[in-house]
Amino acid sequence: GDSVTQMEGPVTLSEEAFLTINCTYTATGYPSLFWYVQYPGEGLQLLLKATKADDKGSNKGFEATYRKETTSFHLEKGSVQVSDSAVYFCALNGRVSGGSNYKLTFGKGTLLTVNP
Amino acid sequence: SAVISQKPSRDICQRGTSLTIQCQVDSQVTMMFWYRQQPGQSLTLIATANQGSEATYESGFVIDKFPISRPNLTFSTLTVSNMSPEDSSIYLCSVGRGTGVRVTDTQYFGPGTRLTVL
Numbered sequence: 005g006d007s008v009t010q011m012e013g014p015v016t017l018s019e020e021a022f023l024t025i026n027c028t029y030t031a032t033g034y035p036s037l038f039w040y041v042q043y044p045g046e047g048l049q050l051l052l053k054a055t056k057a058d059d060k061g062s063n064k065g066f067e068a069t070y071r072k073e074t075t076s077f078h079l080e081k082g083s084v085q086v087s088d089s090a091v092y093f094c095a096l097n098g099r100v101s102g103g104s105n106y107k108l109t110f111g112k113g114t115l116l117t118v119n120p
Numbered sequence: 002s003a004v005i006s007q008k009p010s011r012d013i014c015q016r017g018t019s020l021t022i023q024c025q026v027d028s029q030v031t032m033m034f035w036y037r038q039q040p041g042q043s044l045t046l047i048a049t050a051n052q053g054s055e056a057t058y059e060s061g062f063v064i065d066k067f068p069i070s071r072p073n074l075t076f077s078t079l080t081v082s083n084m085s086p087e088d089s090s091i092y093l094c095s096v097g098r099g100t101g102v103r104v105t106d107t108q109y110f111g112p113g114t115r116l117t118v119l
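In the order they appear, the protein sequences are chains A and B.
Counting from 1 along the first sequence, just add 4 to a position and that's the residue number in my numbering.
Counting from 1 along the second sequence, just add 1 to a position and that's the residue number in my numbering.
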């Protein structure tokens, strides 16, 4: 079945540092890829998405490029802020085996802490 | 996007009791989903709730433990039955856009219900 593997955390950075959170996936067909963010005590918010190979999703200074050749969707930000401290989840939407529906599969999440 | 609310936002319950969680969306949606997020863990899909049909449960989740209702296109409930401390989790509902779930569809999540079972 589909799976998502993302960088183990926690990740601790200083403000204005460069951020990379690695995400690789296994899926049949052509899934869509997502990054969700969960701030402390809140639900999940969509951060960005990409629906086909070589698409770049971007939002709030974060970027991720759908790389089919390496089955990756790494999250990057050039200069993190304290307010970016949260848990980041990589996810894919792929076809359910033998069915016509699609299912969202999540990675385990990466806790990011940004210090002033 | 969609505005999704859940009630209650949190609760502390006794072992053996049941809790019903409500999910309300500000517009009609075809697909609604229920997830569980155990402490420090990722999200696991419990079931998909389509209006007018029985919910579809994922492996490891059964209707007797997690009955779901979907009476209309803007509302769903999840009941956690006969609770034990292992059910302590965050329960989240989400919605998908479109007439059916497509690979490009985005799921939007509610704020979650934090459940503690003593």
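All C-beta atoms in this analysis are idealised placements derived from N, C-alpha and C, irrespective of residue type, glycine included.
Bear in mind that the values here come from a model prediction, so they are computed numbers and not experimental data.
Beta-carbon contacts of residue i that lie in its chain and below 6 angstroms, excluding the five residues immediately before and after
i     : result
A/E20 : S83
B/I69 : A48, A50, A56, L79
B/T45 : R37
A/S18 : N119
B/S77 : C24, M33, A50, R71
B/W35 : I47, A48, L79, C94
Contact list for residue i against chain A, beta-carbon separation under 8 angstroms
i     : result
B/T78 : Chain A residues near B/T78: none, gap ~17 angstroms exceeds 8 angstroms.
B/L93 : G47, L48
Buried versus exposed call for residue i [16 or more other C-beta atoms within 10 Å across all chains shown]
i      : result
A/L116 : buried
B/I5   : buried
A/K53  : buried
B/S28  : exposed
A/I25  : buried
A/P35  : buried
B/D88  : buried
A/D6   : buried
B/I13  : exposed
B/R16  : exposed
B/Q39  : exposed
A/V86  : exposed
B/T114 : buried
B/S95  : buried
B/F67  : buried
A/F66  : buried
B/S10  : exposed
A/F22  : exposed
Straight-line gap, residue i to residue j (C-alpha atoms, nearest Å)
i      : j      : result
A/T16  : A/V118 : 6 angstroms
A/F110 : B/S54  : 26 angstroms
B/E59  : A/P120 : 43 angstroms
A/G61  : A/T55  : 9 angstroms
A/K107 : A/E46  : 23 angstroms
B/A3   : A/D58  : 27 angstroms
B/V63  : B/Y92  : 16 angstroms
B/P112 : B/Q7   : 7 angstroms
A/M11  : A/K81  : 15 angstroms
A/T28  : B/Q42  : 18 angstroms
A/K72  : B/V118 : 43 angstroms
A/S76  : A/T9   : 9 angstroms
A/H78  : A/T69  : 7 angstroms
A/T30  : A/V91  : 22 angstroms
A/P44  : B/T75  : 27 angstroms
A/D88  : A/N63  : 12 angstroms
B/F110 : A/Q49  : 7 angstroms
Same chain only: Cβ atoms within 8 angstroms of residue i, ignoring 5 sequence neighbours per side
i     : result
B/D65 : S82
A/T74 : T28
A/G14 : Residue 14 of chain A is actually Pro in this sequence, not Gly. These residues qualify, in order along the chain: T114, L115, L116, T117.
B/V30 : A3, L74, T75, V96, G97, R98
Beta-carbon proximity list for residue i, same chain, < 7 angstroms, skipping 5 on both sides
i     : result
B/T18 : M84
B/N73 : Q52
Interface residues of chain A facing residue i [CB-CB closer than 7 angstroms]
i      : result
B/F110 : G47, L48
B/G113 : G47
Residues that residue i contacts on chain B, provided the C-beta gap is smaller than 9 angstroms
i     : result
A/F93 : S43, L44
Contacts of residue i in chain E (Cβ-Cβ under 9 angstroms)
i      : result
B/T107 : The structure shown contains no chain E; its protein chains are A and B.
Proximal chain B residues relative to residue i, where beta-carbon distance stays under 8 angstroms
i      : result
A/E112 : Before going on, a small fix: residue 112 of chain A reads as Lys here, not Glu. Those are Q42, S43, listed as they occur along chain B.
Per-residue contacts from residue i into chain B (C-beta, under 7 angstroms)
i      : result
A/L107 : Reading off the sequence shown, one finds Lys at residue 107 of chain A, where the question assumed Leu. Per Cβ cutoff of 7 angstroms: L46.
Decide if the stretch 89-98 of chain A is in contact with the stretch 68-88 of chain B; the criterion is three or more beta carbon pairs, one per stretch, under 8 angstroms apart.
-> no
Between the stretch 19-26 of chain B and the stretch 27-44 of chain A, do at least 3 Cβ pairs fall closer than 8 angstroms?
-> no
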